[in-house]
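Enquirer: Below is one structure. I have some questions about it.
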Amino acid sequence: MHTALAHLDEPPDLAAVGIGVHGCASRTDVFSLPNLWQLHLYGYDADLTVDDTAHAIRPGRVSLVPPGTTVRYRYRGRSEHLYVHLRLGSEGAPLGIPVIQDAGTELVPLAAQLQSALAAWPHAPARARAEVWAALWRVAELTSRPTGGVAATHPAVTAALALIEARLAEPLSVAGIAKAAGVSHNHLTRLFRAATGETVVGYLRARRMERARHFLQATTLSIPAVAASVGIPDLQAFNKACRRALGASPRAVRADLHSRFAVRPPGPR
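Following full-length UniProt numbering, the residues of the sequence shown are numbered contiguously, the last one being 269.
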């Protein structure tokens with residue numbers, strides 16, 4: 001087994017968090033967890049077989065093994081690793097995650113999350129659960145690979161998406177986003193469409209309008225403040241953008257929510 005399909009759209013249920021100590025009484029362990037996933041972060045060298053597929057354990061590698069999978073460990077001496085035994089839900093699309101991979105530059109924050117989960121378990125299980133959920137997403141994103149085998153999202157697209165989300169209130173251009181992502185305008189345009197199915201401009205416009213809808217319906221911010229917060233301070237332009245994307249003026253978008261939830265007097269019987 002090389003890849004596990006995991007659903008991460010809901011937080012995991014934790015059964016145990018701890019530090020496993022192996023390789024002392026025996027240099028080999030063979031076992032499975034029939035109903036639980038295994039998340040391990042390693043700090044040693046060893047050999048791992050997952051359902052007859054051989055993998056190398058090295059310091060800084062992380063493994064995620066699904067329930068009912070037979071694993072065989074061959075240790076080279078005393079070996080300690082952080083482990084979490086957990087249950088995953090079934091919400092959302094499954095993510096293809098390598099059963100073992102290098103944490104790379106994410107090793108330090110990943111280790112910190114799992115150490116925090118260990119410190120919180122079991123007296124603060126909700127905190128431990130939150131830390132493990134975040135760690136699982138970090139592991140999944142080490143190689144963000146759709147289940148169909150398509151190549152991982154290009155780092156420039158990831159950088160562009162993060163930049164857009166962080167700077168929706170600022171003037172943004174495709175050229176500026178591309179420069180910040182370290183690629184040319186045309187290259188980003190091609191990469192972005194391949195990864196998201198949208199143009200950079202179309203995605204930026206949609207994110208601004210989704211944020212505008214949220215602020216109009218969930219806050220009492222003034223309409224000029226909402227417009228400025230999504231990078232469209234010109235009220236006439238903001239009005240047009242709302243009508244085009246949301247189907248109504250900013251005032252109507254706000255009033256529509258209020259009218260749907262307003263308490264109305266009972267009608268005649």
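Yeah, the Cβ is synthetic: ideal placement off N, Cα and C, and Gly gets one too.
Report buried or exposed for residue 280, applying the criterion of at least 16 other Cβ atoms within 10 angstroms of its Cβ.
Expert: As displayed, the chain neither begins before 1 nor continues past 269, which places residue 280 out of reach and without an answer.
Enquirer: Between the Cα of GLU91 and the Cα atoms of GLY182, PRO11, THR199, which residue gives the shortest distance?
Expert: Translated into the one-based positions of the sequence shown, residue 91 becomes position 91. Measuring from the Cα of GLU91, the nearest candidate turns out to be PRO11.
Enquirer: From HIS2 to ASP102, what does the alpha carbon distance come to, in whole angstroms?
Expert: The residue given as residue 2 occupies position 2 in the sequence shown. The residue given as residue 102 occupies position 102 in the sequence shown. Approximately 14 angstroms between the Cα atoms of the pair.
Enquirer: Taking 8 angstroms as the cut-off, does the stretch 42-58 touch the stretch 69-80 (at least 3 CB pairs, one atom from each stretch)?
Expert: yes
Enquirer: Mapping DSSP to helix, strand and coil, what is GLY18?
Expert: One-based indexing of the sequence shown puts residue 18 at position 18. If DSSP states are grouped into helix, strand and coil, GLY18 belongs with the strands.
Enquirer: Only counting the same chain, and skipping five residues up and downstream in sequence, which positions put a Cβ closer than 6 angstroms to that of VAL230?
Expert: Position 230 of the sequence shown, counting from 1, holds the residue named residue 230. These residues qualify, in order along the chain: LEU168, ARG208, ARG211, ALA212.
Enquirer: Mapping the DSSP letters down to three states, classify PRO250 as helix, strand or coil.
Expert: Against the sequence shown, residue 250 aligns to sequence position 250. In this structure, PRO250 counts as helix in the three-state DSSP scheme.
Enquirer: Here's a check: name, in chain order, each residue in its chain whose Cβ is nearer than 6 angstroms to the Cβ of LEU136, leaving out the five neighbours to either side.
Expert: If you number the sequence shown from 1, residue 136 lands on position 136. Closer than 6 angstroms at Cβ, skipping near neighbours: LEU8.
Enquirer: Please work out which residues of its chain come closer than 7 angstroms, Cβ to Cβ, to PRO125, disregarding the five sequence neighbours upstream and downstream, and give them in chain order.
Expert: As a first step, residue 125 must be located in the sequence shown, where it is residue number 125. Answer for PRO125: LEU14, listed in chain order.
Enquirer: For SER222, count neighbouring C-beta atoms within 10 Å of its own C-beta (all shown protein chains included) and say buried if the count is 16 or more, exposed if not.
Expert: For the purposes of this step, residue 222 is identified with residue 222 of the sequence shown, where counting begins at 1. Burial call: exposed.
Enquirer: Just the Cα atoms here: how many angstroms apart are GLY182 and GLY104?
Expert: What you label residue 182 is simply residue 182 of the sequence shown in a count that begins at 1. What you label residue 104 is simply residue 104 of the sequence shown in a count that begins at 1. Looking at the two C-alpha atoms, the distance is approximately 21 angstroms.
Enquirer: For THR153 and HIS85, I'd like the C-alpha separation in whole angstroms.
Expert: The residue given as residue 153 occupies position 153 in the sequence shown. The residue given as residue 85 occupies position 85 in the sequence shown. Each residue's Cα considered, the two are about 29 angstroms apart.
Enquirer: Cα-Cα, which of TYR75, HIS81, ARG76, ALA54 is closest to GLY60?
Expert: To locate residue 60, count along the sequence shown from 1; it is residue 60. Nearest C-alpha to GLY60: HIS81.
Enquirer: State the DSSP-derived secondary structure class of ILE57, mapped to helix, strand or coil.
Expert: In the sequence shown, counting from the first residue as 1, residue 57 sits at position 57. Note: ILE57 maps to strand in three-state DSSP.
Enquirer: So SER79 is in the alpha helix (DSSP H); what residue range does that whole segment cover?
Expert: As a working note, residue 79 is residue 79 in the sequence shown. Run containing SER79: none in the alpha helix (DSSP H); it sits in the beta strand (DSSP E), 79-87.
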